[in-house]
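Everything below concerns the one structure shown next.
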């Protein structure tokens, strides 16, 4: 099967197997009371600074919801984009677990704009209204676009001045760091992000999600929240070992770089085709285009992908093509050839 | 490190690695839209009957909580033992996710007694009281004891007559089936259990938990509940493949049999020691004994284990020794030798 | 103090005191097991049809949230206007108690439009997305506008065809019925509304809110939901007696008619003033106007009222003037005189 | 109808009507932004000390649940008696709204014992276990018994030393203060209680419940919690005025004294009857007795009351007789005569 449906359609990167197998040898205390979990914490401190505290969880949805649960009271609210995964693709997990409201803002390019955010922060407390406490951004966004470091910093500063926090959904954080040619510390810690959902499952791990608190006081109650959130895995060492190697070996960078390059390659292949229009600039590993609707089904028969009119007002002929660490250039060539041929036939259909 | 602390201190069984690796080859749709998940469903139907519906989740706490969430309204309640994992060891996850009350009953041997359960079921609806909807039993119990098939059947029948459901926490279900020399179908489906938490992580899998609904109508909303419960794993095929092989290859039986035999071996080694008293009969893979308190710390330095005075009224010198699929007879001999020596010294201490 | 801030700034209508006092005589079983509650049910059946079931609660927020809780599972969602009281003014109570998401739609005139609603109902179930189950409309809306009976009927029919339900927030339902010159049955039952929040506190009662289920099966679990929602008042007869008299005596109509007439009178008085623009047509007992911002504070010193730029994009000089059953024409004349004078002075300020 | 079923079977005390009617005159800002609410706060400061903060709510269940919600995180737990109203009679409202566990302890006389409480407070944090944060006692208890001031003080001190808080469910607090011949300050503030549910509806008000925080920092988020808990009443002044008069006029004391005296009178009338046994000492306004089961139904036909075998192990022939501010000595004489006659007949039945 060929797939551009999602980067989570990929399997596990070959370098990961020996890591998990080594960690699996012999007995060990469970639930993270082990040396692999200690190493993971140390490795993340190297990446995110000595104040950071890192907790593995099992799904990206859990990373987002529990990271927010660590700091939110139910009468408080989270501001996010209408198209945030948090809002659109988590089946209502935030509302159910947090008991809190998401205040959603329209974002044509996937990015929250500072002025829109500030307009949601009331001057005075009013008990009839939910009280914004956290702003959540996704980096890269759900449209594959990127916040610049300056934009993140401006958001964080404005929020901190008003007593709010900044959460970053980093389900594809490695793709963002590579695309911006920066580092984890510079993009996350130095810009003022408070809580990070660190995702690595989409970039080659069997299972590797974590919540990273950049300020230790925010992590105060998180070990309880994680357990109550049903995310305290017994064989934690098997997750921790993956995350450590992922950062230490540079696998994160190599995989993300490849995925980003494959998206750029695919986007380049679309340029000669005037009927296809990029819906958003290709800045990481996703390509969002509109194309003649008649082509979609035939193309999906060749390679799996999703239509992406996920919000009112989006064109029904919008599709998403995601590349991954294991995307093969040959498969993209094939897909482009298929696309060219289908388009040619479509042009000639009366 | 040597451990009798928990069967989840073991790693992954060697037969499992090639299974996960094979499932990881190439691309596949995520979130369970894959052939491995279909195979898992088919395999579980062979074990639990053609009406059963099986959904993988990531932790045992999630299996319990979400299995209950599938059938519970918040004003309804769950009846369980005071020492149920659900009540004692899940960090309040049931209350937080279900918004419902656990009605807990004292159970000296870990087993709910039918009369005590029936005493909790009111004759008439009263809006001031929570309404029992599900009774949850653990098999084997948290004390390693077992319900007989007749006991399970009697509970199920009495509950069904009153419009209630029976849930079984089967975190160690293979150990129970082996100990009772029965089968999954006979112990679970034929006795009338409605919802099963099927656990395999403790018995050799990297990660393998599932909720099995024995009546399809109970599963109606579960795919939503699982997603909202943050347990819809993207690379689901990697879990499904493990669970299929686990059942198909008989690994479940071999591993559980060994663990149970090791517990029996350990218990037999205690018989000559009058200062040690079994707190519960050894019926599966746990040994619960009281021993001179002065010995505990020295023994723990040799082999990890927990004291187990988890409820008021339990002796402070109660300990739990769990065996697993990878417990070595030599290690038990060593441990027994250590125990004998420590005891000898203790006897001679004035 | 003079107030156009809200119709809940009024006290209790004089006809209500003897009713509560009579109901308070002697002992009675509590929690609604009394004859006054039976009478209330019978009276509401006369108004809403013999299939209706009516339950008193204590606040309008509770009527909305608990009415929805009666029919919602947490993975389901409610569609409502962005400016719905449910979304904007209930402090996150829906999310906290329901654990469910509100899908909010922009509504320039306060009214949900059928096409926008239908665009939110997915063709197929997708576990990543919340599933719309109820659409909530407010009648009259938060801008004082009205759905016609045909509009309500069209919504209900379209929803029922798709397996969804229609909820009506009737915090000011009497004002709507009077304004449309119709009846409760015709506006609510005959149009196909499923659940109604019936509000009477704003229209002269000491405390009189209720949830009316128009189809008995929807009320199945409500007595439990109300208790769990902390709304089961012990001296229920004192609420029930008010609601019965309110409907039986025609007080609802007299009070609402007066309030609506006062709003029309106020609006008429604004017509000669070109600087004041109606933001929405005056159809019930609220007047929403934009006026020179410089006037607001001085006017508020004379008569209490709120500015109403409650959503991004609303003009900052928008204000809300609500009339009530006790609004005096003389007070409006006074207020208009004040307004004229302030405006004259403003015009002459360089 | 004659009733000993509950003190909430009584109506409103005559002195209360003019108070509510006066407060209802004219317009006033709603939701507690009014002078009556200010007066209530000042009056409660006189009773409970200048640090206290008082918030009216609408039901006793809400006072309990929301008072706890003000200080609890969901992974934390509340310790209370098995027979606490909080546990037994609130329909699961605590679990639903708090998302937290109640740890319940057996209490033969209704009173939590310090040693039992301390046994529930773990020495170290363990994420698998809920973390006790608040202990809730009821004064008088659900069996009408009383904690002495020394007992309350000892509990509070022990809890504060361990970082926990003490909540008092004072649904009938006036009866306790009168019975102990003390004052609100001495029984609540001076003993170290942190949060009080102050109930007055059972003692003569139309509606008068409040949460009193004895330490202002605990009230920090309560105005949001109350709104989210659906308890922010629009015509708040009508509640506030009642509560102010209730304390200021001494009505609380007169009513409670009468109710307590009536209970004592009833209990005295039982002494000559050897077949009736007090189940708990009569210390406030409740009489709990066991009597020949055959008599119950006939007596209930004369005067309403409830059987009270509310927990496993309680005798099925236990009944509860509650007196109230409006209980008439003549009615008790009648009831006792009825009882004597029924008993006489029963003795003579072969």
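Residue numbers (our numbering), protein chains in the order written: chain A, 1009 to 1358; chain B, 1009 to 1358; chain C, 1009 to 1358; chain D, 1009 to 1358.
Ideal placement from N, C-alpha and C gives every residue a C-beta, glycine not left out.
Just so you know, these numbers come straight off a predicted model, no measurement behind them.
Residue-chain proximity (residue i, chain C), Cβ-Cβ < 9 Å
{"i": "residue 1126(D)", "result": "no"}
{"i": "residue 1232(B)", "result": "yes"}
{"i": "residue 1013(D)", "result": "yes"}
{"i": "residue 1163(B)", "result": "no"}
{"i": "residue 1240(B)", "result": "yes"}
Pairwise C-alpha distance: residue j and residue i
{"i": "residue 1042(C)", "j": "residue 1306(D)", "result": "21 Å"}
{"i": "residue 1096(B)", "j": "residue 1316(B)", "result": "12 Å"}
{"i": "residue 1313(D)", "j": "residue 1329(D)", "result": "6 Å"}
{"i": "residue 1345(C)", "j": "residue 1236(D)", "result": "40 Å"}
{"i": "residue 970(D)", "j": "residue 1221(A)", "result": "A query on residue 970(D) cannot be resolved here, the shown segment of chain D reaching from 1009 to 1358 and no further."}
{"i": "residue 1021(A)", "j": "residue 1192(B)", "result": "36 Å"}
{"i": "residue 1092(B)", "j": "residue 1109(D)", "result": "14 Å"}
{"i": "residue 1011(C)", "j": "residue 1341(C)", "result": "13 Å"}
{"i": "residue 1246(D)", "j": "residue 1298(C)", "result": "34 Å"}
{"i": "residue 1266(A)", "j": "residue 1332(A)", "result": "7 Å"}
{"i": "residue 1223(B)", "j": "residue 1201(B)", "result": "9 Å"}
{"i": "residue 1094(A)", "j": "residue 1080(C)", "result": "21 Å"}
Below-9 Å beta-carbon distance, residue i vs any chain D residue
{"i": "residue 1229(A)", "result": "yes"}
Span of the beta strand (DSSP E) around residue i
{"i": "residue 1330(C)", "result": "1326-1330"}
{"i": "residue 1175(B)", "result": "1173-1178"}
{"i": "residue 996(D)", "result": "Nothing about residue 996(D) can be read from this structure; chain D reaches only from 1009 to 1358."}
{"i": "residue 1207(B)", "result": "1203-1207"}
{"i": "residue 1156(A)", "result": "Segment: none, residue 1156(A) is in no beta strand (DSSP E) and carries neither H nor E."}
{"i": "residue 1143(A)", "result": "1139-1146"}
Short CB-CB distance (under 9 Å) between residue i and chain A
{"i": "residue 1257(B)", "result": "no"}
{"i": "residue 1135(D)", "result": "yes"}
{"i": "residue 1326(C)", "result": "no"}
{"i": "residue 1318(B)", "result": "no"}
{"i": "residue 1237(B)", "result": "yes"}
Residue-chain proximity (residue i, chain B), Cβ-Cβ < 9 Å
{"i": "residue 1138(D)", "result": "yes"}
{"i": "residue 1106(D)", "result": "yes"}
{"i": "residue 1110(C)", "result": "no"}
Residue interval of the alpha helix (DSSP H) (run including residue i)
{"i": "residue 1103(D)", "result": "1101-1106"}
{"i": "residue 1054(B)", "result": "1043-1056"}
{"i": "residue 1032(B)", "result": "1024-1032"}
{"i": "residue 1262(C)", "result": "1259-1278"}
Exercise for review: Give the residues from the region 1194-1213 of chain D that approach chain C closer than 7 Å (Cβ to any Cβ), ordered along the chain.
Suggested key: 1209
Point to revise | Any 3 or more C-beta pairs closer than 8 Å across the region 1072-1084 of chain B and the region 1097-1107 of chain B | key: yes
Practice item. Mind the definition here: the region 1180-1193 of chain A touches the region 1125-1145 of chain A only if three or more C-beta pairs lie below 8 Å; say whether that holds. Key: no
Review point. At a Cβ cut of 7 Å, what residues of the region 1070-1091 of chain C count as close to chain B, listed as they run along the chain?
Key: 1081, 1082 and 1083
Point to revise | Contact residues within the region 1039-1065 of chain D, judged by C-beta distance below 7 Å to chain C | key: none
**Study point:** the region 1243-1263 of chain D / the region 1206-1224 of chain D touching (three or more Cβ pairs under 8 Å)
**Key:** yes
Practice item. Determine contact between the region 1272-1291 of chain D and the region 1048-1068 of chain D, defined as no fewer than three beta-carbon pairs at a distance below 8 Å. Key: no
Review point. For the 8 Å Cβ check, are there 3 or more pairs between the region 1166-1182 of chain C and the region 1202-1209 of chain C?
Key: yes
Check your understanding: Touch check for the region 1032-1051 of chain C and the region 1297-1305 of chain C: three-plus C-beta pairs under 8 Å?
Key -> no
**Study point:** Under 7 Å (Cβ pairs) to chain A, residues found in the region 1021-1041 of chain B
**Key:** 1025, 1029, 1032, 1033, 1034, 1035, 1036, 1037 and 1038
Review point. When the Cβ atoms of the region 1262-1271 of chain D are set against those of the region 1131-1139 of chain D, are three or more pairs found closer than 8 Å?
Key: no
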